[in-house]
Amino acid sequence: MQFTFTGEQHQFRDVVKRFLRDKSPATEVRRLMETDEGFDPVVWKQLSEELALPALPVPEIFGGAGFGFVELSIVMEEMGRSLLCAPYFSSAVLAVSAILNAGTENQKQSLLPQIASGSIRATLAMTESNGRWDASAVELVAQVEKDHFVLRGEKSFVVDGHTADLLIVVARLEGSEGDNGISFCSVDGDAPGIEKTLLRTMDPTRKLARLDFNGVRAQPLGEPGAGFHALNKTLDQAAIALSNEMVGGAQFLMDSAIEYSKIRVQFGRVIGSFQAIKHKCADMLIQLELAKSAAYYAAAAVDAGDSCLPALASMAKSAASDAYMQIAAECIQIHGGIGFTWDQDTHLWFKRAKSSEVFLGDPAYHRELVMQRWEEGI
Amino acid sequence: MDFNDSTEEATFRQEARDWLKANEPTEAELEGLDGIEAAKLWQKRKYDAGWACIRWPKEHGGRGASAIEQVIFGQEESKFDTPEGLFTIGHGMCAPTMMAWATEEQNKRYLPKLASGEEIWCQMFSETAGGSDLAALRTRAEKDGDDWIINGQKIWTSGAHYSDYGVIVLRTDPTAPKHQGLTYFFIDMKSPGIETKPIKQISGGANFNEVYFTDVRVPDAHRLGAVGQGWQVAITTLMNERASIGGGGGGVNFKSVFKLAQTVNIDDEPAIKDKSVRRRLADWYIQESGLKFTGYRSMTALSRGEIPGPENSIGKLVGAPKQQDMASFALDLLESSGAIWDPELSQEAGMFQATYMASPGIRIAGGTDEIMANIIAERVLGMPQDIRVDKGIPFNEIPTSNS
Numbered sequence: 000m001q002f003t004f005t006g007e008q009h010q011f012r013d014v015v016k017r018f019l020r021d022k023s024p025a026t027e028v029r030r031l032m033e034t035d036e037g038f039d040p041v042v043w044k045q046l047s048e049e050l051a052l053p054a055l056p057v058p059e060i061f062g063g064a065g066f067g068f069v070e071l072s073i074v075m076e077e078m079g080r081s082l083l084c085a086p087y088f089s090s091a092v093l094a095v096s097a098i099l100n101a102g103t104e105n106q107k108q109s110l111l112p113q114i115a116s117g118s119i120r121a122t123l124a125m126t127e128s129n130g131r132w133d134a135s136a137v138e139l140v141a142q143v144e145k146d147h148f149v150l151r152g153e154k155s156f157v158v159d160g161h162t163a164d165l166l167i168v169v170a171r172l173e174g175s176e177g178d179n180g181i182s183f184c185s186v187d188g189d190a191p192g193i194e195k196t197l198l199r200t201m202d203p204t205r206k207l208a209r210l211d212f213n214g215v216r217a218q219p220l221g222e223p224g225a226g227f228h229a230l231n232k233t234l235d236q237a238a239i240a241l242s243n244e245m246v247g248g249a250q251f252l253m254d255s256a257i258e259y260s261k262i263r264v265q266f267g268r269v270i271g272s273f274q275a276i277k278h279k280c281a282d283m284l285i286q287l288e289l290a291k292s293a294a295y296y297a298a299a300a301v302d303a304g305d306s307c308l309p310a311l312a313s314m315a316k317s318a319a320s321d322a323y324m325q326i327a328a329e330c331i332q333i334h335g336g337i338g339f340t341w342d343q344d345t346h347l348w349f350k351r352a353k354s355s356e357v358f359l360g361d362p363a364y365h366r367e368l369v370m371q372r373w374e375e376g377i
Numbered sequence: 000m001d002f003n004d005s006t007e008e009a010t011f012r013q014e015a016r017d018w019l020k021a022n023e024p025t026e027a028e029l030e031g032l033d034g035i036e037a038a039k040l041w042q043k044r045k046y047d048a049g050w051a052c053i054r055w056p057k058e059h060g061g062r063g064a065s066a067i068e069q070v071i072f073g074q075e076e077s078k079f080d081t082p083e084g085l086f087t088i089g090h091g092m093c094a095p096t097m098m099a100w101a102t103e104e105q106n107k108r109y110l111p112k113l114a115s116g117e118e119i120w121c122q123m124f125s126e127t128a129g130g131s132d133l134a135a136l137r138t139r140a141e142k143d144g145d146d147w148i149i150n151g152q153k154i155w156t157s158g159a160h161y162s163d164y165g166v167i168v169l170r171t172d173p174t175a176p177k178h179q180g181l182t183y184f185f186i187d188m189k190s191p192g193i194e195t196k197p198i199k200q201i202s203g204g205a206n207f208n209e210v211y212f213t214d215v216r217v218p219d220a221h222r223l224g225a226v227g228q229g230w231q232v233a234i235t236t237l238m239n240e241r242a243s244i245g246g247g248g249g250g251v252n253f254k255s256v257f258k259l260a261q262t263v264n265i266d267d268e269p270a271i272k273d274k275s276v277r278r279r280l281a282d283w284y285i286q287e288s289g290l291k292f293t294g295y296r297s298m299t300a301l302s303r304g305e306i307p308g309p310e311n312s313i314g315k316l317v318g319a320p321k322q323q324d325m326a327s328f329a330l331d332l333l334e335s336s337g338a339i340w341d342p343e344l345s346q347e348a349g350m351f352q353a354t355y356m357a358s359p360g361i362r363i364a365g366g367t368d369e370i371m372a373n374i375i376a377e378r379v380l381g382m383p384q385d386i387r388v389d390k391g392i393p394f395n396e397i398p399t400s401n402s
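Going line by line, the protein sequences match chains A and B.
Under numbering that gives the first Met the number 0, the first residue of the first sequence carries the number 0, and numbering increases by one thereafter.
Under numbering that gives the first Met the number 0, the first residue of the second sequence carries the number 0, and numbering increases by one thereafter.
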C-alpha cells in the first residue's frame, strides 16, 4: 500500500516552493494583478529555463521532461499556495492536455516542443458566453475548407486568452449538434480575424478574455468531428490539476488564519484559545484533508490510467471547491475587520477561491456528474 | 505513487486470506451459541493459529507483526462474516496500556489470555461528574496496608457485566489539583463489592452499565504508574481509543442509501431522480471516498514505519455525524414507514432505524464531537489550550453542578 509522495517528489516540491516564495510574494501578486498581461515575462522565463516547469507534462519525445501528472499537480498546489500570477495553468495544463489528448503524432511534434520550452504560451478556448462546460454547449462553428477550418463564433472565459501565442479552440462541425461534431483546432493568437477583449474579473490574479472569431483560418487538431472523448479527458485532467491548485491555496489560508489566531488578543487572551475559533479551525482541517486526499488520489489515478478518472475528477473538484470556499470565508472571519480590508492579503485568495470554484463547473454541476458517473459504473 | 501492496504485503495478504477462508466458523459451529460464546470461539481459533492480536509481541500472545500487516489482516477479516466486537476495548485500549505500564510478569500473566479471548476486559473511566471533563472523576481509592479500597461509581462502561478484568482511574488525593490526584489500576471484576447495573439505551438495548464500588479491595501491585500519575497513564488508553473507534464501519453507508433511493418514490418518480436527493448522495459519496483515500495515506505512512499525519485524526469527527445524517435522511425517504421499526416489515430488517438510534452514541463515545474538535485544534494545529477556571485549585475546592 503506497499512496503518498516519494522522497524525490518531496524534494521537487521544496525546489518549486522555494522558487515561488522568492518570485511570487504577495507584493508581486499585487503588482501583476494590476497589469493587463497579468504575469512577469522574466519570471516566466526563469521558471521555464531554470526549473523547466512547462516541460513537465510533455513527453520527452515531444521535447518535454516526461514527468507524471502527480508532479504537475505538485507544481499546481504550490502555485495555488503562492498565488503565482503566470499562464502556467492555461499553457502547461489546459493547452498541453488538449494537444496530447486530441492531436496526431505530427501535430504534437510540431506544437509541443515550443510550449515545453516556454518560448510560446498556449491556452484552451472551450466555453462560450453560455458559461457551460459540457460538449453540447459548444456553438462556435468550424467550416471545413480543404486542409483547414474557418472559425466563426465566440469563446469566453478563456484563461490568458488575450496574451496566449497559440490558441487551442474547441469548435463543432457545421450542422452538428450535441456530442457529435466536436473538433479541436489550433490557431495563432494574433491570426487575422480574432478580436480579443480582456474581461474585467473579480479575481484579478487570473486573467480571462473573450475571443471573437470572424472567419479565422485554423489548423485541425486530430480528426475533425471526433473530439468528444479528447475534450472530456482534457476537462477531467484540468479539473484534477485545478483541484490541486485549490488545496494549495486553501492550505495557505488555513495556516494564515491559525497563525493569526495565536497572536490576536481579545478579552485578555489569544483568540485561538476560544473554542468557537478552535472548532472552526478543526473543521477547516477536516475539509482540507478530505479535499487533499481526493485531489492527490485523482492525480495519481491519471498516471495509473485509472478507468474511474471521470468520477475521481468530479469528486476532487467538488471537494476542493467546497474546502477552499469554506476556508477562505472563515479565514476572513477569524481575521475580523482587518481581513475585510484591501491591505490584508486574504482577499486575493478569497477571490481566487470563487473564480476557481466556478471554472470548469461549480460543485453542484460536479456533484451531478459524480452521481451519473457512479451510476454508469465508471 | 503505487496503489498496490509491496511483494511482502501481497504475500502476507494471501496467507491471511487463505487461513481465514479455511478457518472461518461454519454456521453449524455457531449454532446455539450466544454472541459472547461465538466471539470467544473465533478468538480462540485465531489465537491457536497465531492470528490473534498479531501486532503484539509473541511472548504476549501475538505474532510480532507490523502495523501495516495488522491493517491488512483487519481488511481481510472484515470480508468474512466473523463474530466481532467483544474484544475491541480489551485489545485496542487496555492491552496497549498494560504493555506501556505493567510489569513484564503481569503482562505474561494477563495478555495471552486477553489475546485468546479467554478473559474479557473493560475500561472504567467515565463518571456522572466526569464526562468530557474526564479528570473530574470522583471515585475514591484509599490506601489500606498493601491494598487500596475503592468507593464510588463509574458509568457508560461497555461490557462490564461480562468482563473478567477492567482498567480504572481513581481519585487518590482529593486535595491535589484535578489532574494530579489520580491513580490508575487494573482490577478483577469479580472482586466483592462490585455491582453492575445495565443502562437501557434509546434503542432499548443495553450494551453498557453503571458500575458501583463498595469497599472494593485492589492490591497495590495492580497499580499502573506511580500514585498521582493516573492522568498520564489514562492518556495512553485514550490515544488508543481514538484509533479504535474509527469512522464509518457498519450501518448506513452511501451504497445502502443509494439503493434505498432507487426503490422509493418522490412525486411518482424514483427518489434517485430527484435533484436534491442526488446532491446529498453525492456529498456523502465524496465524503466517504475522501475518508477512504485519507485512510490510504495513513496506511502508507504505517507501511513505511512512519507516524500518520493530521489526516489520521479526522475519521471519527467526519464519520459519526455522517452516519447520523444518512440514517436520518434514509428514514425521510421512507416517509411514514420510516417510523416503523419492525424487522419483518422495515427495509433492510430495520437497519436504517437501528443506525438512527445508534448514531447519537457514536458522536459521544470516546470523545464527543466537540472534544474531538478541541483535540484536533490543540494537538494537530497547535492552538493554545482553553483557559481553565479550575487550574491549580485543589480538587475538593472546585465548584460542581451540585454546589
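The C-beta atom is built at its ideal place from N, Cα and C for all residues, glycine as well.
For this session: Can you tell me which of the three DSSP states Pro40(A) falls into?
Result: Taken through DSSP and simplified to helix, strand or coil, Pro40(A) comes out as helix.
Exercise. Taking one C-beta from the stretch 89–106 of chain B and one from the stretch 222–239 of chain B each time, how about it: are there three or more such pairs within less than 8 Å?
Worked result: Flag = yes, the stretch 89–106 of chain B and the stretch 222–239 of chain B touch.
For this session: Give a yes or no on whether the C-beta atoms belonging to Ala240(A) and Leu83(A) are separated by under 8 Å.
Result: Not a contact, by the Cβ cut-off of 8 Å.
Problem set entry | Residues near Gly117(A) in its chain [Cβ-Cβ closer than 6 Å; skip 5 each side] | Counting only Cβ-Cβ distances below 6 Å, and skipping sequence neighbours, we find Ser47, Pro53.
For this session: Compare the Cα-Cα distances from Gly289(B) to each of Phe266(A), Asp282(A), Ala318(A) and report the closest residue.
Result: Nearest C-alpha to Gly289(B): Ala318(A).
For this session: Kindly indicate if chain A contains any beta-carbon less than 8 Å away from that of Gln384(B).
Result: Yes, contact with chain A.
Exercise. Looking at the C-beta of Phe394(B), does it have a partner C-beta in chain A at a distance below 8 Å?
Worked result: Interface with chain A (8 Å Cβ-Cβ cutoff): Phe394(B) is excluded.
Problem set entry | In DSSP terms, what Glu384(A) is bridged to | This structure gives no information on residue 384(A), because the portion of chain A shown stretches from 0 to 377.
Exercise. If Ala299(A) sits next to Val69(A), beta carbons under 8 Å apart, how far is it from one beta carbon to the other, in whole angstroms?
Worked result: About 6 Å; that satisfies the 8 Å criterion.
For this session: Note down, in chain order, each residue of its chain lying with its Cβ closer than 7 Å to the Cβ of Ile244(B), except the 5 sequence neighbours on either side.
Result: Any reading at Ile244(B) needs caution, since the residue's pLDDT is 44, under 50, leaving its predicted position unreliable; the model's value is listed next. Once the five neighbours on either side are set aside, the close Cβ partners of Ile244(B) are Lys315, Ala364, Gly365.
Exercise. Using the rule of at least 16 other Cβ atoms within 10 Å of the residue's Cβ for burial, across every protein chain shown, is Tyr161(B) buried or exposed?
Worked result: With fewer than 16 other Cβ atoms within 10 Å, it is exposed.
For this session: Look at Leu181(B) and Ala134(B) and say whether their C-beta atoms are less than 8 Å apart.
Result: Using a Cβ distance threshold of 8 Å, Leu181(B) and Ala134(B) count as a contacting pair.
For this session: Consider the Cβ of Met370(A): report whether some Cβ of chain B lies at a distance smaller than 8 Å.
Result: Met370(A) belongs to the set of residues whose beta carbon lies under 8 Å from a beta carbon in chain B.
Exercise. Mind pulling the chain B residues with CB within less than 7 Å of Gly271(A)?
Worked result: Contact annotation for Gly271(A) against chain B: Met382, Pro383 [CB-CB distance below 7 Å, chain order].
Exercise. With burial defined as no fewer than 16 other Cβ atoms inside 10 Å of the residue's Cβ, what is the status of Asp214(B): buried or exposed?
Worked result: Counting the other Cβ atoms within 10 Å of the Cβ of Asp214(B) gives fewer than 16, which makes it exposed.
Exercise. Which value, in whole angstroms, describes the spacing of the CA atoms of Ser260(A) and Ile276(A)?
Worked result: In a straight line, the C-alpha of Ser260(A) is about 8 Å away from that of Ile276(A).
Problem set entry | Endpoints, the beta strand (DSSP E) within which Tyr323(A) is located | DSSP places Tyr323(A) outside any beta strand (DSSP E); the residue lies instead in the alpha helix (DSSP H), whose first and last residues are 308–334.
Problem set entry | Near-chain A residues of the stretch 343–373 of chain B (beta-carbon distance less than 8 Å), N- to C-terminal order | Against chain A - using a Cβ distance shorter than 8 Å - the residues of the stretch 343–373 of chain B are Glu369, Met371, Ala372, Asn373.
Exercise. With 8 Å set as the bound, which would you pick, yes or no: does the beta-carbon of Arg62(B) sit closer than that to a beta-carbon of chain A?
Worked result: Residue contact check for Arg62(B) against chain A: no CB pair falls below 8 Å.
Exercise. Hey, does Glu288(A) have any beta-carbon neighbour from chain B nearer than 8 Å?
Worked result: Flagged as an interface residue toward chain B: Glu288(A), by a C-beta distance shorter than 8 Å.
For this session: For chain A, find out if any of its Cβ atoms is closer than 8 Å to the Cβ of Gln286(B); answer yes or no.
Result: Chain A, which has a Cβ nearer than 8 Å to the Cβ of Gln286(B), makes this yes.
Problem set entry | Within chain A, partners of Leu316(B) - CB distance below 8 Å | Ala281, Ile285, listed in chain order.
Exercise. Should Leu166(A) and Thr122(A) be called a contact, given that it needs their Cβ atoms to be closer than 8 Å?
Worked result: Going by C-beta atoms, Leu166(A) is nearer than 8 Å to Thr122(A).
Exercise. Under a Cβ-count criterion, where at least 16 other Cβ atoms within 10 Å of its own Cβ denotes burial, should Thr174(B) be classed as buried or exposed?
Worked result: Thr174(B) is exposed by the Cβ-count criterion.
Exercise. In three-state terms, what does DSSP make of Trp230(B)?
Worked result: In this structure, Trp230(B) counts as helix in the three-state DSSP scheme.
Problem set entry | Where the alpha helix (DSSP H) through Asn373(B) begins and ends | For Asn373(B), the uninterrupted alpha helix (DSSP H) run begins and ends at 368–374, by DSSP.
Problem set entry | Bridge-paired residues (DSSP) for Asn243(A) | The partner list for Asn243(A) (beta bridge, DSSP) is empty, contrary to what the question assumes.
For this session: Measuring only between beta-carbons, confirm whether Trp132(A) sits less than 8 Å from chain B.
Result: No, Trp132(A) does not count as interfacial toward chain B.
Exercise. Under 7 Å Cβ-Cβ, which residues of chain B neighbour Trp373(A)?
Worked result: Chain B residues near Trp373(A): Tyr284.
Problem set entry | Sequence ranges, beta strand (DSSP E) only - wholly within the stretch 244–285 of chain A, length at least 3 | Here no run is fully enclosed.
Exercise. Within the 8 Å Cβ cut-off, does Ser317(A) reach chain B?
Worked result: Flagged as an interface residue toward chain B: Ser317(A), by a C-beta distance shorter than 8 Å.
For this session: Let me know the secondary structure DSSP gives Ser155(A) once reduced to three states.
Result: DSSP places Ser155(A) in the strand class (E or B) of the three-state scheme.
Exercise. At a cut of 8 Å, does the stretch 215–225 of chain A reach the stretch 285–295 of chain A through at least three beta carbon pairs?
Worked result: With the cut-off at 8 Å, the stretch 215–225 of chain A and the stretch 285–295 of chain A do not touch.
Exercise. Using the beta-carbon count (16 or more within 10 Å), is Pro398(B) buried or exposed?
Worked result: So Pro398(B) counts as exposed.
For this session: List the DSSP bridge partners of Trp147(B).
Result: Under DSSP, Trp147(B) shares a beta bridge with Lys142(B), Val217(B).
Exercise. Leu220(A) by DSSP, collapsed to three states: which one?
Worked result: The three-state secondary structure of Leu220(A), taken from DSSP, is strand.
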